[in-house]
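**Q**
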Amino acid sequence: MSNEYYSLHINGTDHQVQDAWIGESLLYVLRERLGLPGAKGACEQGECGSCTVYLDGQPVCSCLVMAASVTECQIATVEGLRPDGGLTDVQESFLSEGAVQCGFCTPGLVMAVHHLLDSNPSPTELEVKEAISGNICRCTGYGRIFAAVEAVVVQRGNR
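Under full-length UniProt numbering, the residues of the sequence shown are numbered 1 to 159, in order.
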């Protein structure tokens, strides 16, 4: 085993990634090397959105990002949305509105919705559709997801 490593800044903490292959995806490193299973691997082609994380505040598909290329970036995962590890209002709304079925796509959708509501606290249905257009859900049919987003908007007092 060598002493070579690189560091990633994830959810406000520096993590050392040791003995890694330079071509490992950020998704793989998060899940398999660092024990952060929130981002899910499905398509491995950037099509489904289940692996969405933030790089410097912007949502990206972590399956398309080489981990060693983002050593200077701030990375945020679904596990880091609340410092205390509790559920956010978006996550609570997904649960109460039935927007989770199998749960596989949920972390990516939650990340997409948080990003939308951070920049647009009162989105239209079309804006919600655009914001989650990179996320595929095979279970809910999206109606419950739209209801969950609307419930958060109302709860936050923006409608």
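Just so you know, even glycine gets a beta-carbon here, dropped at the ideal spot from N, CA and C.
Could I get the ranges of all uninterrupted beta strand (DSSP E) runs contained in the stretch 41-110, with 3 residues as the minimum, in chain order?
**A** 52-55, 58-61, 74-76
**Q** Suppose the cutoff is 6 Å on Cβ atoms and the five residues either side in sequence are ignored; what does the same chain contact list for G85 look like?
**A** Exclusion of the five residues before and after G85 leaves no residue of its chain whose Cβ lies closer than 6 Å to its Cβ.
**Q** Helix, strand or coil for S119, going by three-state DSSP, please let me know.
**A** helix
**Q** Can you grab the Cα-Cα spacing for the pair G80 / S25, in whole Å?
**A** 19 Å
**Q** Just to confirm, is the Cβ distance from S122 to V153 under 8 Å?
**A** yes
**Q** Buried or exposed, going by whether 16 or more other CB atoms sit within 10 Å of the CB of Y28?
**A** buried
**Q** Start and end of the alpha helix (DSSP H) containing V153?
**A** 143-155
**Q** With a threshold of 16 other CB atoms inside 10 Å of the CB of Q58, please say whether the residue is buried or exposed.
**A** exposed
**Q** Compute the Euclidean distance between the alpha carbons of M1 and H15, then round it to the nearest angstrom.
**A** In this predicted model, M1 has a pLDDT of only 49, less than 50, meaning its place in the structure is not dependable enough to derive any value.
**Q** Using DSSP bridges, identify the partner residues of I10.
**A** T13, I75
**Q** If you draw a straight line from the alpha carbon of C43 to that of E72, how long is it in whole angstroms?
**A** Looking at the backbone, the Cα of C43 and that of E72 are separated by about 26 Å.
**Q** Round the Cβ separation of L8 and V70 to the nearest angstrom and send it over; I've been treating them as touching at under 8 Å.
**A** 7 Å
**Q** With a threshold of 7 Å on Cβ separation, who are the neighbours of G23 within its own chain once the five nearest residues in sequence on each side are excluded?
**A** M66
**Q** Between which two residues does the alpha helix (DSSP H) containing L126 stretch?
**A** 125-131
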